[in-house]
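Following our numbering, the numbering of the sequence shown begins with 1479 at its first residue and continues without gaps. Idealized CB from N, CA, C, for every residue including glycine. Step one of this worksheet: look at the structure below.
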Amino acid sequence: MSGLHDAFTPDERALQRALVDAASQRFRAGGRFAWHFARGKLSGDPMFLALLRMGALPPQAQDFLDLGCGQAVLAAWLLAARDRFESGAWPAGWPEPPRVRRLRALELMPADVARGQAAFRASGDEERVSVEQADICQAAFGEAAVDVVTILDVLHYMPLQQQDDVLRRARAALRPGGTLALRVGDAAGGLRFRLSLWADQLVTLARGHGLARLHARPLDEWAAALRALGLAVQTAPTPGGLPFANTFLIARAPASPA
């Protein structure tokens, strides 16, 4: 992983705008809020472009599990990226984006699920992208079922014991050589971490969920929890100048079972 501290170039910003347009278009079928939310999230959060630039999700990956997916904007982003790659309009030197064969997206909130389902049904992608209402603390993830599990800005909403259980089951869902991609808050991040918590509370309030108790860990404890599951871990802060202590952890399973 390289270049995460660099600002995005004008060409990269142009790519981001094109992908935002293509990905958010799917959500018009889910209503005005769904479309505006998708545009705001995908254009305002540098995580999405960074995932592509750093090659966090391997090009050979085909089967995905997205936990706590919201209205499944990540799925729309990955489909838009692959379409653009196949059209030949992909930046030179950038990793090839994955070719999604099947993405199972789990979300607790019914309204988000309904918006996601409407989007992928209208675009004809519901065979590839399945948006399901489920509590990830209880849902079955399967055994060796997927190439990639993503858990982005989700785990801190649950107590530590449930976090560990979700991570354990997510690890079990990975095939050999699979990838577990997380974004988490670094509780050792000082003021930047407190800003992250305040921002998360504002988001939950704005979406009508009330104040939530948040459960965070220092980055080294997150990494240790993943290594204890037999994963090789790389970390990198979210790029783009956000004043938050949000950090990627990209964890890889061994290519062959232990």
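Between the CA atoms of residue j and residue i - distance to the nearest angstrom
i       : j       : result
GLN1503 : LEU1704 : 36 Å
ALA1733 : THR1657 : 10 Å
VAL1498 : LEU1520 : 6 Å
ARG1646 : VAL1632 : 15 Å
VAL1578 : ARG1606 : 7 Å
THR1487 : ASP1523 : 16 Å
ASP1698 : ASP1664 : 8 Å
LEU1692 : THR1725 : 16 Å
THR1713 : ARG1695 : 14 Å
PRO1573 : ALA1500 : 20 Å
GLN1641 : ALA1528 : 25 Å
ALA1701 : LEU1638 : 14 Å
LEU1493 : GLN1616 : 38 Å
ARG1517 : ALA1623 : 31 Å
Given residue i as reference, the closest of the options once Cα atoms are compared
i       : options                               : result
ALA1589 : PHE1511, THR1487, ALA1702 and ALA1694 : PHE1511
ARG1495 : GLY1509, PHE1526 and ALA1507          : PHE1526
ALA1558 : LEU1530, GLN1616, GLY1571 and PRO1488 : LEU1530
GLY1571 : ALA1550, ARG1560 and MET1532          : MET1532
GLU1490 : LEU1638, LEU1552 and ALA1567          : ALA1567
GLY1548 : ALA1612, ALA1507, ALA1528 and LEU1535 : ALA1612
LEU1552 : ALA1659, HIS1634, ALA1648 and PRO1654 : ALA1659
ARG1653 : GLY1708, PHE1515 and LEU1556          : GLY1708
GLU1621 : ALA1650, ILE1614, HIS1634 and TYR1635 : ALA1650
HIS1634 : PHE1619, ALA1618 and ILE1614          : ILE1614
Residue j beta carbon less than 8 Å from that of residue i
i       : j       : result
PRO1569 : ALA1539 : no
ARG1593 : GLY1509 : yes
ARG1730 : ALA1710 : yes
LEU1727 : VAL1662 : yes
ALA1648 : ALA1507 : no
PHE1598 : VAL1609 : yes
Continuous alpha helix (DSSP H) stretch holding residue i: start and end
i       : result
GLN1641 : 1638 to 1651
ARG1506 : It is not in any alpha helix (DSSP H) - ARG1506 carries neither H nor E in the DSSP assignment.
VAL1591 : 1588 to 1600
ASP1698 : 1697 to 1705
ALA1758 : Residue 1758 is absent from the model: the chain starts at 1479 and stops at 1736.
Where the beta strand (DSSP E) containing residue i begins and where it ends
i       : result
ARG1730 : 1724 to 1730
LEU1543 : 1541 to 1545
ALA1815 : This structure cannot settle anything about residue 1815, because the visible part of the chain is limited to 1479 through 1736.
**Asked** Is the region 1623 to 1641 in contact with the region 1592 to 1604, if contact means three or more CB pairs nearer than 8 Å?
**Response** no
**At least three beta-carbon pairs within less than 8 Å, the region 1572 to 1588 to the region 1528 to 1545** = yes
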